[in-house]
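Q: The structure is given below, and queries will be raised subsequently.
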Amino acid sequence: MAFRHGGRGGAIVNVSSAAARLGSPHEYIDYAASKGAVDTLTIGLAQEVAAQGIRVNAVRPGFIYTGMHADGGEPDRIERIKDSLPMKRGGQPEEVAQAIAWLLSDKASYVTGNFIDLAGGK
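When the sequence shown is numbered by this note's numbering, its final residue is 336 and no position is left out of the sequence of numbers.
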């Protein structure tokens with residue numbers, strides 16, 4: 215893999231979900247299970263490729279204002295549950311993008327096999 219980067223390593227950021235650690239009982243358990251697999255891949259791959267200078271991390275968005283909830287039949291889901299979140303609001307896609315950009319940057323050069331949870335404290 216590092217060969218593609220001229221032998222200088224690289225960075226991979228997987229997109230998981232807060233559902234992977236919350237389980238999402240009674241609503242999205244299948245989705246949570248698939249994101250749990252992404253978490254396992256992140257941890258294992260980080261260990262496998264670290265010696266090649268490749269960092270592997272993931273972000274785990276929670277309740278983010280995207281079309282996902284509308285596609286699932288609940289367009290107002292975030293508005294309905296936001297008061298139950300510690301930060302009392304849903305997240306913005308730009309907040310997730312900023313976390314991904316940081317993980318890809320040299321500022322995160324000693325970070326691998328880790329997760330940034332973007333779930334408003336949940």
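Using N, Cα and C, we set each Cβ at its ideal position, and we do this for glycine too. Values in this document were obtained by computation on a predicted structure and should not be read as measured data.
#1: So what's ALA284 in DSSP terms, helix, strand or just coil?
#2: Give the secondary structure of ASP290 by DSSP, where H, G and I count as helix, E and B as strand, and everything else as coil.
#3: List the whole-angstrom C-beta distance separating GLY304 from THR256, where the pair is believed to meet the contact cut-off of C-beta under 8 Å.
#4: Applying the 10 Å Cβ sphere with the 16-neighbour rule, what's the burial state of ARG274?
#5: The beta strand (DSSP E) that contains VAL270, what's its start and end?
#6: Where does LEU299 fall in DSSP's three states?
#7: Grab the span of the alpha helix (DSSP H) containing ILE257 for me, first residue to last.
#8: Taking three-plus beta-carbon pairs below 8 Å as touching, is the segment 275-284 in contact with the segment 305-316?
#9: Please work out which residues of its chain come closer than 7 Å, Cβ to Cβ, to ALA233, disregarding the five sequence neighbours upstream and downstream, and give them in chain order.
A: On the basis of the data shown:
#1: helix
#2: coil
#3: At roughly 24 Å, the Cβ-Cβ gap does not stay under 8 Å, so GLY304 and THR256 are not in contact.
#4: buried
#5: 268-275
#6: coil
#7: 243-263
#8: yes
#9: TYR242, TYR245, ALA246 and LYS249
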